[in-house]
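Heads up: the structure comes next, in structure tokens.
In UniProt numbering, the protein residues as written are 1 to 233.
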């Protein structure tokens, strides 16, 4: 057991999917995994282990934001020897070319968080995805006929910001979307020498104002989940 995860050694697979929403973790376990077993309910943050196409896979909710995902990723790697971490989450589009329900493979993550400046004595660090996982996910999407976007995302500490036009400078520099976790996930994967990838579905558009509902975010982003499960090793 760890501080926030009530599992015993061996109850969590080496490969894990990381949705922010714990109800999405339950949805994945109930609808995609064979014989799922719940190993964690601490703070309502569900974790399950089951099999997919004969391979043992876990899924663990992480909550929202970099401090929350940092807790779970640190404990999963340090205390449970997890080696492959795939975030499956939602994001907001920064581009007219990135539409609602489009899927993004995050090759890297900008951030307005100070976490890495604290780690690196005021200097910047560029967190990136594991290329093997990224390439595999891209190939799987192509085989399924699912179009994906590959590019940079912004991991923000702010969900409700004061400047409604702040996204525009990120968009000008080619950042595809905003979310709240990937920069921390990629940084911790680099620290521990493990592999990480974020696969994101666009839930809303900062550009057009379109948005999906909470129920849609929980239950309809199945293409992203299938790509992640087949990428899992």
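Here a beta-carbon is modelled for each residue, glycine too, at the ideal position from N, C-alpha and C.
Contact check, residue i vs residue j, beta carbons under 8 Å
i, j, result
"residue 86", "residue 154", "no"
"residue 212", "residue 203", "yes"
"residue 91", "residue 175", "no"
"residue 194", "residue 77", "yes"
With 16 other Cβ atoms within 10 Å as the buried cut-off, status of residue i
i, result
"residue 119", "exposed"
"residue 26", "buried"
"residue 10", "exposed"
"residue 158", "exposed"
Three-state class that DSSP yields for residue i in the structure shown
i, result
"residue 127", "coil"
"residue 198", "strand"
"residue 5", "coil"
"residue 241", "Absent from the model: residue 241. The displayed extent of the chain is 1 to 233, so no value can be given."
"residue 16", "strand"
"residue 165", "coil"
"residue 230", "helix"
"residue 184", "helix"
Cβ-based neighbour list, residue i, same chain, cut-off 8 Å, excluding 5 preceding and 5 following
i, result
"residue 42", "4, 5 and 6"
"residue 183", "66, 109, 110, 111, 113, 115, 116, 127 and 155"
"residue 144", "223, 226 and 227"
"residue 140", "227, 230 and 231"
6 Å Cβ shell around residue i - same chain, five flanking residues per side excluded
i, result
"residue 13", "49, 56, 57 and 58"
- request: Let me know the alpha helix (DSSP H) ranges lying completely inside the segment 81 to 160, each 4 residues or longer, listed in chain order.
  value: 115 to 119 and 131 to 144
message: Runs of 3 residues minimum, wholly inside the segment 200 to 228: which ones carry the beta strand (DSSP E) assignment?
response: Along the segment 200 to 228, the beta strand (DSSP E) does not occur as any fully enclosed run of 3 or more residues.
task: Enumerate, from N- to C-terminal direction, the unbroken beta strand (DSSP E) stretches of 3 or more residues contained entirely within the segment 29 to 72.
output: 34 to 40, 47 to 52 and 55 to 60
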